[in-house]
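A short worksheet on the structure shown next.
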Amino acid sequence: MSTAFEPPPVAPRTGRVVTVVRLVLGAAGLAGIGWGVVGVRDDPFLRDRVGLAKWLVGGLVLHDAAFAVVVFVVGAVVMRVRPGPPAWVRRTVLGGLAVGVAGTLIALPALLRPLPTQNPSVLPLDYADGLAIVWGVVVAGTALVVGWRYARGRGRG
Numbered sequence: 005m006s007t008a009f010e011p012p013p014v015a016p017r018t019g020r021v022v023t024v025v026r027l028v029l030g031a032a033g034l035a036g037i038g039w040g041v042v043g044v045r046d047d048p049f050l051r052d053r054v055g056l057a058k059w060l061v062g063g064l065v066l067h068d069a070a071f072a073v074v075v076f077v078v079g080a081v082v083m084r085v086r087p088g089p090p091a092w093v094r095r096t097v098l099g100g101l102a103v104g105v106a107g108t109l110i111a112l113p114a115l116l117r118p119l120p121t122q123n124p125s126v127l128p129l130d131y132a133d134g135l136a137i138v139w140g141v142v143v144a145g146t147a148l149v150v151g152w153r154y155a156r157g158r159g160r161g
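Residue 15 in the numbering used here sits at position 11 of the sequence shown; the count goes up by one each step and never skips.
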């Protein structure tokens with residue numbers, strides 16, 4: 005009888021293609037960060053640089069103090085529950101959870117804004133509906149990945 009997850013006897017080697025893809029994605033990410041920094045630095049309408057710094061530091065603190073902790077604790081609990089679905093299903097669901105929580109944190113300022121605003125063109129959309137759609141897409145995508153893997157015969161563990 006096998007367990008839900010049996011690690012391979014030897015860690016597989018990372019192929020050349022995977023290494024190249026990681027390097028390209030890392031370089032693209034760094035280029036995007038650089039582009040954003042230059043854009044903020046050269047923005048003539050941005051006068052409150054201290055406020056921007058507070059907002060950026062607040063995002064880092066919120067990530068490290070809330071988002072990362074919640075995902076870690078939920079992940080640790082979910083991965084220890086026995087019996088349950090195979091480990092790859094749990095990891096896939098946790099990935100979907102992380103994406104959904106990140107989307108929720110991004111939408112949180114718009115959801116908590118006071119209504120109505122003095123300018124009707126500022127945040128005119130219903131962000132609660134948008135967030136519900138995002139969660140629906142995340143849940144559907146996660147279910148599709150799990151179903152696809154089961155259909156391909158990889159759902160045994």
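Even for Gly, the Cβ is constructed at its ideal location relative to N, Cα and C.
Examine the Cβ distances between the segment 73-91 and the segment 127-141 and report whether three or more of them are shorter than 8 Å.
-> no
Keeping to the same chain, check which residues put their C-beta closer than 7 Å to that of Ala102; ignore five residues upstream and five downstream.
-> Mapped onto the sequence shown, residue 102 falls at position 98. If we look at Ala102 and ignore the five residues flanking it on each side, its Cβ neighbours are Val75.
State the start and end residues of the unbroken alpha helix (DSSP H) segment that holds Arg153.
-> Translated into the one-based positions of the sequence shown, residue 153 becomes position 149. Note, Arg153: alpha helix (DSSP H), 131-155.
Drop a sphere of 10 angstroms on the beta-carbon of Thr23, count the other beta-carbons inside from all chains shown, and report buried for 16 or more, exposed for fewer.
-> Indexing the sequence shown from 1 puts residue 23 at position 19. It counts as exposed.
For the segment 75-123, which segments carrying the alpha helix (DSSP H) assignment without a break, of at least 4 residues, lie completely within its bounds, in sequence order?
-> 91-115
Alpha carbon to alpha carbon, how far is Ile37 from Val28?
-> Within the sequence shown, numbered from 1, the residue matching residue 37 stands at position 33. Within the sequence shown, numbered from 1, the residue matching residue 28 stands at position 24. Roughly 14 Å separates the two Cα atoms.
Under 8 Å between C-beta atoms of Val97 and Thr146 = For the purposes of this step, residue 97 is identified with residue 93 of the sequence shown, where counting begins at 1. For the purposes of this step, residue 146 is identified with residue 142 of the sequence shown, where counting begins at 1. For Val97 and Thr146, yes; Cβs fall inside 8 Å.
Determine, using beta carbons only, whether Val142 and Gly100 come nearer to each other than 8 Å.
-> Position 138 of the sequence shown, counted from the start, is the residue given in the question as residue 142. Position 96 of the sequence shown, counted from the start, is the residue given in the question as residue 100. Yes, the pair counts as a contact, with Cβ atoms nearer than the cut-off.
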